[in-house]
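Following: one structure in structure tokens, then a few remarks.
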Amino acid sequence: MKKKLVSVLLAGVMAVGMLAGCGSSKGSEGEESTGKSEDYDLTLYSINTTDPDFDDWLKNVEDATGLNINVIAAPTDSDTRQQKVTTILSTGDDSVDIIEINDEMSAAFKNSGWLEGLNDTVMTEDVRSQFAQGYLEDMITDKDGNIVGVPGYSGYLAFWVNQEIMDEVGITEIDTKEDFMKYMEAASGDGRYGYGGSWEKTYVFNEIAQFVNMFGGDYFDWTKAENKEAIQFLKDMVDNNQTPIDQIADKYEQMNPKANDGKYGSFFMWGLGTDYEKAGMLGEDKIHMAMVPDFSGKGERAIFTDSWSYVLNSASKNKEAAIKFLQYMADEGGMEASYKAFDRYPARADVAEKVVPDTDPAKEMYSRYASECNVSGRPMLPQTMEFITDMGTIFQSCMKDEISVDEFCEKAQGLVEKYSE
Numbered sequence: 014m015k016k017k018l019v020s021v022l023l024a025g026v027m028a029v030g031m032l033a034g035c036g037s038s039k040g041s042e043g044e045e046s047t048g049k050s051e052d053y054d055l056t057l058y059s060i061n062t063t064d065p066d067f068d069d070w071l072k073n074v075e076d077a078t079g080l081n082i083n084v085i086a087a088p089t090d091s092d093t094r095q096q097k098v099t100t101i102l103s104t105g106d107d108s109v110d111i112i113e114i115n116d117e118m119s120a121a122f123k124n125s126g127w128l129e130g131l132n133d134t135v136m137t138e139d140v141r142s143q144f145a146q147g148y149l150e151d152m153i154t155d156k157d158g159n160i161v162g163v164p165g166y167s168g169y170l171a172f173w174v175n176q177e178i179m180d181e182v183g184i185t186e187i188d189t190k191e192d193f194m195k196y197m198e199a200a201s202g203d204g205r206y207g208y209g210g211s212w213e214k215t216y217v218f219n220e221i222a223q224f225v226n227m228f229g230g231d232y233f234d235w236t237k238a239e240n241k242e243a244i245q246f247l248k249d250m251v252d253n254n255q256t257p258i259d260q261i262a263d264k265y266e267q268m269n270p271k272a273n274d275g276k277y278g279s280f281f282m283w284g285l286g287t288d289y290e291k292a293g294m295l296g297e298d299k300i301h302m303a304m305v306p307d308f309s310g311k312g313e314r315a316i317f318t319d320s321w322s323y324v325l326n327s328a329s330k331n332k333e334a335a336i337k338f339l340q341y342m343a344d345e346g347g348m349e350a351s352y353k354a355f356d357r358y359p360a361r362a363d364v365a366e367k368v369v370p371d372t373d374p375a376k377e378m379y380s381r382y383a384s385e386c387n388v389s390g391r392p393m394l395p396q397t398m399e400f401i402t403d404m405g406t407i408f409q410s411c412m413k414d415e416i417s418v419d420e421f422c423e424k425a426q427g428l429v430e431k432y433s434e
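Numbering (my numbering), first residue to last: 14 to 434.
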């Protein structure tokens, strides 16, 4: 179903930045609408309009729900996109009913009153029980306990290893902190590193939080010994040439080619490994997902999941139709349609078990992550990008020996207090 696009102007901007570091978004640079007549039932603000399968996905949704859906294409530029969404919601603009937002936007908006609670209509107890509970609580539940979004997919910050390097150095598993340290020592040298990262100041937040969680710490309490242990561990890897200091300039776009070239023995990365597959490096004998190591020694494994979620604009005048759309997105049919069209792994564990074929290389590990790990959303505060950027800046200073680990922890606690006010 091909749709003619015409421009739609949305007024005003609000200077709010955002992080694009946890997956890609798709859309057009301008604000564009499907240009239907006024007989549509709701308007969707979508990040996926330039996907080649978008029209097929939209037809599936309309056929399944009986809704006539108008679509506005979200800008691909992350700052512009967040400015537009902020303006729509903050001004009570009712021209858009359903919006796709990421975790950074959710942290900023979920307690604003701009999003409709969905506990009684869409995310009922039986439905929400199938989602990752830590993610729901951390990312899309407001201060009053209202779930304000339907996760569109599940995307883990997975632990990846290079099997060729593991085989070369004779390491068969990385199950504990001690296993990880042995691998770091064995795999590092001659321009190769046991661990590689994406340590650009707005991206490294993902890994800082991951290591804090693996040590059993609390990202919002830098007085904890476990937090300091995590940062010291990362600093020791730099000092021991087990991870490169020059990766402080790297985003995922720079990290992934290095992983494909065999420069890194392990790393954390979002998604299903598309970049590795394109390079012919995805596979059980090459680069593949592995279980997250247990660093705490308590038999607990920590992992983050992210998502783009569908939210309902509180100002919407088409809430009945919007609820119908959201119910389908939260159900098996909607999740299967998104999986097939956009390669978005179903956020519901029961749906993933049914609709994802056993031939999908991610299925086994994603199932294990869901059942064996403490799955949570990333720790964010309402001033998301300011907090992320400042934490990344002081982390880089610590890794470059400009401040000590103790000083980092002191400054990090100050940032938590500053942005929690």
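We put the beta carbon where it would ideally sit given N, CA and C, even for glycine. Model, not experiment: these values are computed from the prediction.
Item                                                                                                                                                                              : Value
Please determine, among A145, G158 and D234, the residue with the shortest C-alpha to C-alpha distance to N132.                                                                   : G158
With S320 as the anchor, note down where its beta strand (DSSP E) starts and where it stops.                                                                                      : First-last for S320: undefined, no H or E at that position.
Let me see if you follow: with CB-CB separation under 8 Å, is E75 close to chain C or not?                                                                                        : Note that chain C does not occur in the displayed structure, where there is just one protein chain.
Suppose contacts are defined by Cβ-Cβ distances below 8 Å. Is S279 in contact with F408 by that definition?                                                                       : no
Can you check DSSP and say which residues form a bridge with P164?                                                                                                                : S322
What are the partner residues of I111, as DSSP defines its beta bridges?                                                                                                          : L57 and L325
Can the beta-carbon of L128 be found less than 8 Å from the beta-carbon of V324?                                                                                                  : yes
What number of angstroms, rounded off, separates the C-alpha of A200 from the C-alpha of Q340?                                                                                    : 48 Å
Does the beta-carbon of A425 have 16 or more other beta-carbons within 10 angstroms, so that it is buried, or is it exposed?                                                      : buried
What residues are listed by DSSP as bridge partners for A243?                                                                                                                     : The partner list for A243 (beta bridge, DSSP) is empty, contrary to what the question assumes.
By the 10 Å Cβ neighbour count, where 16 or more other Cβ atoms means buried, how is D274 classified, buried or exposed?                                                          : exposed
I187 and P306 - do their beta-carbons sit closer together than 8 Å?                                                                                                               : yes
Closer than 7 Å by C-beta to K241: which residues in its own chain qualify, once you throw out the five before and the five after it? Chain order, please.                        : V418 and C422
Between M302 and A375, is the Cβ-Cβ spacing less than 8 Å?                                                                                                                        : yes
Return the first residue and the last residue of the alpha helix (DSSP H) that I401 is part of.                                                                                   : T397 to M412
My output table needs one value for Y432: the three-state DSSP class, helix, strand or coil.                                                                                      : helix
Indicate whether the contact test is met: 3 or more Cβ pairs, each with one atom in the segment 102-118 and one in the segment 382-401, closer than 8 Å.                          : yes
Excluding the 5 residues flanking G347 on each side, which residues of the same chain have their C-beta closer than 6 Å to its C-beta?                                            : Y341
Here's the rule I'm using: 16 or more other beta-carbon atoms within 10 Å means buried, otherwise exposed. How should P270 be labelled?                                           : exposed
Classify T100 as helix, strand or coil using the three-state DSSP reduction.                                                                                                      : helix
Of all the options K248, E333, W235 and L285, which has the alpha carbon lying nearest to the alpha carbon of Y169?                                                               : L285
Tell me which residues share the same chain as T56 and place their Cβ nearer than 7 Å to its Cβ, disregarding the 5 neighbours each side in the sequence.                         : N83, I85, S108, V109 and D110
Work out the CA separation of V163 and Y13 for me, nearest whole Å.                                                                                                               : Any question about residue 13 goes unanswered here, given that the chain covers just 14 to 434.
Apart from the five residues just before and just after Y232, which ones in its own chain have a Cβ nearer than 7 Å to its Cβ?                                                    : A222, V225 and P392
Using the Cα positions of I160 and I153, report the straight-line distance between them to the nearest angstrom.                                                                  : 6 Å
Would F228 and S309 be called neighbours here (beta carbons separated by less than 8 Å)?                                                                                          : yes
Could you name the residues of the same chain whose beta carbon sits closer than 7 Å to that of D52, not counting the 5 residues immediately before and after it, in chain order? : N81
Leaving out five residues before and five after A12 in sequence, what residues of the same chain have Cβ atoms less than 8 Å from its Cβ?                                         : The question about residue 12 has no answer, for the chain in this structure spans 14 to 434.
CB-CB under 7 Å to E75, same chain, minus the five flanking residues each way: which ones, in chain order?                                                                        : N81 and I82
Rounded to whole angstroms, what is the Cα-Cα separation between W235 and M282?                                                                                                   : 25 Å
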